[in-house]
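Note that this note's numbering has the sequence shown beginning at 845, numbered continuously upward.
Virtual Cβ for every residue (Gly too), placed ideally from N, Cα, C.
Small disclaimer: the values here were computed from a predicted structure and weren't measured.
What follows is a short report on a single structure.
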Amino acid sequence: MDWQTIVMTLAAATLVSLVALCSAFVLYINESTLARWMPILIALAVGVLLGDVFLHLLPDALKNSDDTGSIFLWTLAGIMVFYFIEQTLHWRHDHTILPGTSEQVPKSYAKMSLLGDGAHNFVDGILIAGSFLADPVLGVATTVAIVIHEIPQEISDIAVLIHGGYERKRAVFLNFLCACSCIAGAACTLIVAQFMSLSLPALLALTAGGFIYVATSDLIPLLRNVEVRLPLQVQVLATITGIACMQSILWVETLML
């Protein structure tokens, strides 16, 4: 491994981390507008998370593993790990969609979202480092694909954090901090690659399990029990839009790679 590869890898991971700052747009939206858009963003987040799981994370894990059974076992492990972590947090959920109306904040699902996002970005760092170690051209293509992939992800993430009770500036900061785990993932991969290989499929499947749990156990119930009920057709359209974003990104990645 030469210094050029190390510098390019860390620079790419830093670029991906900076994409999280696109979520700062929420700092310039007034409360009434944010409250009106929050249900739609939550529905979009459901589509993005589930689309990411079934169109990106699990297919990539299966493609890089010879043992299909172990991938689903790790996915189940991810669901159970997030379940036990959430139970340990002992925060009571209240299913209101308006920011600032919950009695106990931040909500456990917001913390779970941060955990899942941090794991996701860490895996992105591993992918970036692994690509650059294989071929610099592949590394650049992978980085561009991840950047495109992260934009809708970060917008949906910030919606979950704000609804979960985080103040806007803190939500943006924590979201960016989680994004920086991409740099940690890349750095760890560069170091560990000198001695052993990481089980990337297991990490992808574990992250997928976490996303499935957050989307189905926390976010979907929010949409079923909102105070300002989102019309079903709008809810479905927003969710499908999130999935469509992930599918569109998959097509772009296919053309690039």
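Identity of the residue in the options nearest residue i by Cα
i     : options                       : result
M882  : I972, D911 and A1082          : A1082
L878  : S1000, L1094 and A1030        : S1000
L958  : E1011, A1015 and V1036        : A1015
Y872  : R1012, D961, G969 and A856    : R1012
E875  : I1027, H1007 and V1058        : H1007
F928  : A1088, G1053 and I990         : G1053
G795  : S952, V991 and P950           : Residue 795 lies beyond the range of the chain shown here (845 to 1101); nothing can be said about it.
G1086 : F1017, V984, T1033 and V897   : V897
L1047 : V925, F1020, Q1077 and T1098  : V925
S932  : Y953, T912 and F916           : Checking the displayed sequence, the identity of residue 932 turns out to be Thr instead of Ser. The option with the nearest alpha carbon to T932 is Y953.
G891  : L1099, F1020, C1089 and Q1077 : C1089
Q1077 : L888, A856, L906 and S861     : L888
G895  : L1099, L1094 and T1098        : L1094
M1022 : S1061, C1032, D961 and P996   : The question names Met, yet the displayed sequence has Cys at residue 1022. Comparing Cα positions, the closest option is D961.
P996  : F869, L906, T1098 and L902    : F869
V967  : A1003, R1068, S1061 and C1032 : C1032
A855  : R1068, A1028 and T1098        : A1028
I886  : N1019, A1003, V1080 and G1009 : A1003
The alpha helix (DSSP H) enclosing residue i, as first and last residue numbers
i     : result
Q1038 : Neither: Q1038 is in no alpha helix (DSSP H) and is coded neither H nor E.
V860  : W847 to L862
D896  : E875 to D896
N1019 : R1012 to A1023
P950  : Here P950 belongs to no alpha helix (DSSP H), and DSSP marks it neither H nor E.
D904  : L902 to K907
A1066 : Note that residue 1066 is Leu in the sequence shown, not Ala. Here the alpha helix (DSSP H) through L1066 covers I1064 to R1068.
Alpha-carbon to alpha-carbon, residue j and residue i
i     : j     : result
T858  : I884  : 30 angstroms
K955  : I1056 : 15 angstroms
A864  : E998  : 6 angstroms
W918  : A1049 : 5 angstroms
W935  : L1005 : The pLDDT assigned to W935 is 45, lower than 50, so where the model puts this residue is not dependable; a value taken from the coordinates is nonetheless given after this. Cα to Cα, W935 sits roughly 15 angstroms from L1005.
L1044 : D904  : 9 angstroms
P1075 : F976  : 46 angstroms
V1096 : E994  : 13 angstroms
A1030 : V988  : 15 angstroms
I1084 : D846  : 44 angstroms
I941  : S1092 : Only weak support is given to the placement of I941: the predicted model assigns it a pLDDT of 48, under 50, and the value that follows is read from those uncertain coordinates. Going by the C-alpha atoms only, they are around 28 angstroms apart.
L1066 : I923  : 19 angstroms
S867  : F1017 : 10 angstroms
T986  : T853  : 11 angstroms
V1036 : R880  : 47 angstroms
S861  : V981  : 20 angstroms
V1080 : R1068 : 12 angstroms
L971  : K951  : 31 angstroms
Q848  : F1020 : 26 angstroms
Cβ separation of residue i and residue j, assumed to be a contact under 8 angstroms, to the nearest whole Å
i     : j    : result
T1051 : A963 : 5 angstroms
A1059 : L893 : 4 angstroms
N965  : S914 : At roughly 23 angstroms, the Cβ-Cβ gap does not stay under 8 angstroms, so N965 and S914 are not in contact.
L1063 : I850 : Contact flag wrong, Cβ pair sits at about 38 angstroms.
Residue i at chain C interface by Cβ criterion, 8 angstroms
i    : result
N908 : As a matter of chain content, chain C is missing from the structure shown, which is built from one protein chain.
### Task
At 4 residues or longer, and completely inside the region 969–1000: list those alpha helix (DSSP H) runs for me, N to C.
Segments of the alpha helix (DSSP H) lying fully in the region 969–1000: there are none.
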